[in-house]
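Asker: Here it is: the structure, laid out below.
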Amino acid sequence: MAILNYSPTRYPYFTVLYQDEDMLVLNKPSGLLSVPGKALEHKDSLQLRVQLVYPTATIVHRLDMATSGLMVMALNMDAHRAISKAFELRQTSKSYLARVYGRLQQTAGSIELPLICDWPNRPKQMVDHERGKHALTHYHCLESNDKESLVELTPVTGRSHQLRVHMLSLGHPILGDRLYAHDEALGAASRLQLHAKSLSFAHPSTDQPMHFKCPAPFSFKCQGLETDNNLTEQK
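Every letter in the sequence shown is one number past the one before it in my numbering, and letter 158, counting from 1, is 160.
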């Protein structure tokens with residue numbers, strides 16, 4: 003599926019939430035690629051924008067173009083190796099907020115379904131019990147009504163489109179999802195309602211625990227009113 007009418011926001015150009023000698027933690031807006039695409043018109047990306055200001059910055063993980071939220075970039079090779087290893091060994095902790103279609107039957111649970119690229123329809127992914135790679139997501143419903151639910155998603159693995167396909171498998175596609183949502187769920191939001199809200203990992207130099215949070219730019223709609231999702235940050 004080609005990127006149609008790629009015109010990512012120019013304001014803010016990029017947002018730095020944390021910075022030190024080893025790394026940057028950024029808030030990626032929805033609609034901006036994490037890394038440049040192959041076509042010339044798809045070169046604009048978070049990586050390109052950041053490297054214009056921080057030339058040594060390198061990507062260690064990605065978010066889907068349509069997903070917003072927390073991303074970390076390394077500023078030197080030692081930091082890049084350390085942070086990349088933490089992601090590879092699943093020594094990071096990530097959570098997302100999502101508005102999904104309908105009311106969840108269970109308020110919490112886990113989805114363990116193997117995923118593989120749906121090659122004829124790439125970049126879409128699909129569940130495949132024979133060839134798919136292991137994928138595990140925990141979910142917890144924070145609020146709901148008859149039309150939608152606000153869900154906290156915690157991926158254990160990091161497969162492409164994992165959260166989007168796993169929620170689809172429950173019959174609750176993420177609102178505004180151009181790849182997986184049916185017409186009603188797609189029309190319920192102007193962008194994918196998925197946001198990387200928290201990220202934790204050990205600092206690459208000091209090994210100290212680092213915890214970052216970033217409120218979602220969308221709200222849960224309850225009986226015609228919008229509920230501030232910052233309330234969901236309370237523990």
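Virtual Cβ for every residue (Gly too), placed ideally from N, Cα, C. Values in this document were obtained by computation on a predicted structure and should not be read as measured data.
In whole angstroms, give me the CA-to-CA distance for glycine 134 and leucine 155.
Answerer: 21 Å
Asker: Considering just the uninterrupted stretch of the alpha helix (DSSP H) at glycine 178, what are its terminal residues?
Answerer: For glycine 178, there is no enclosing alpha helix (DSSP H), as DSSP gives it neither H nor E.
Asker: Three-state secondary structure (DSSP) at asparagine 231?
Answerer: Note on asparagine 231: pLDDT 47, under 50, position unreliable in the model; the coordinate value appears next. Residue state, collapsed to three classes: helix.
Asker: Apart from the five residues just before and just after glycine 104, which ones in its own chain have a Cβ nearer than 6 Å to its Cβ?
Answerer: His174
Asker: Runs of 4 residues minimum, wholly inside the region 35-69: which ones carry the alpha helix (DSSP H) assignment?
Answerer: 48-55
Asker: Using a threshold of 9 Å, state whether the C-beta atoms of leucine 194 and alanine 68 are closer than that.
Answerer: Note that the C-beta distance between leucine 194 and alanine 68 is below 9 Å.
Asker: Expressed to the nearest angstrom, what Euclidean distance is found between the alpha-carbon atoms of valine 74 and glutamine 53?
Answerer: 13 Å
Asker: When the Cβ atoms of the region 40-55 are set against those of the region 92-101, are three or more pairs found closer than 8 Å?
Answerer: Judged by Cβ distances under 8 Å, the region 40-55 makes no contact with the region 92-101, as fewer than three pairs qualify.
Asker: Taking the continuous beta strand (DSSP E) assigned at glutamate 114, which residues delimit it?
Answerer: DSSP places glutamate 114 inside the beta strand (DSSP E), whose first and last residues are 110-114.
Asker: Throw me the rounded Cβ distance for the proline 116 and histidine 140 pair, which I believe falls under 8 Å.
Answerer: Not really, about 16 Å apart at Cβ, beyond 8 Å.
Asker: When you compare only the Cα positions, how much space is there between serine 146 and serine 86?
Answerer: Separation of serine 146 and serine 86 (C-alpha to C-alpha, rounded to the nearest whole angstrom) is 36 Å.
Asker: Measuring alpha carbon to alpha carbon, tell me which of Leu19, Ser207 and Phe89 ends up nearest arginine 64.
Answerer: Phe89
Asker: With H, G and I counted as helix, E and B as strand and the rest as coil, what does DSSP make of histidine 168?
Answerer: helix
Asker: Taking Cβ to Cβ, would you say leucine 196 is nearer than 9 Å to aspartate 66?
Answerer: yes
Asker: On the DSSP bridge list, what partners appear for arginine 101?
Answerer: Leu152
Asker: Does the Cβ-Cβ distance between asparagine 78 and glutamate 114 come in under 9 Å?
Answerer: no
Asker: In this structure, how does DSSP classify serine 9 when only helix, strand and coil are distinguished?
Answerer: coil
Asker: In this structure, does DSSP put asparagine 147 in helix, strand or coil?
Answerer: coil
Asker: For a quick check, are the C-beta atoms of glutamine 127 and arginine 180 less than 9 Å apart?
Answerer: no
Asker: Label leucine 91 either buried or exposed according to how many other C-beta atoms from any shown protein chain fall within 10 Å of its C-beta, with 16 as the threshold for buried.
Answerer: exposed
Asker: Using the C-alpha atoms, what's the distance from histidine 213 back to leucine 144?
Answerer: 21 Å
Asker: Leaving aside the five residues before and after serine 192 along the sequence, list all residues of the same chain whose C-beta is less than 8 Å from its C-beta, in chain order.
Answerer: Gly178
Asker: According to DSSP, what are the bridge partners of leucine 117?
Answerer: Val129 and Lys135
Asker: Mind checking whether serine 257 and proline 219 have CB atoms under 9 Å apart?
Answerer: Given a span of 3 to 237 for the chain in the structure shown, any question on residue 257 remains unanswerable.
Asker: Please determine, among Glu150, Gln108, Ala81 and Val62, the residue with the shortest C-alpha to C-alpha distance to glutamate 186.
Answerer: The residue among Glu150, Gln108, Ala81 and Val62 with its C-alpha nearest the C-alpha of glutamate 186 is Glu150.
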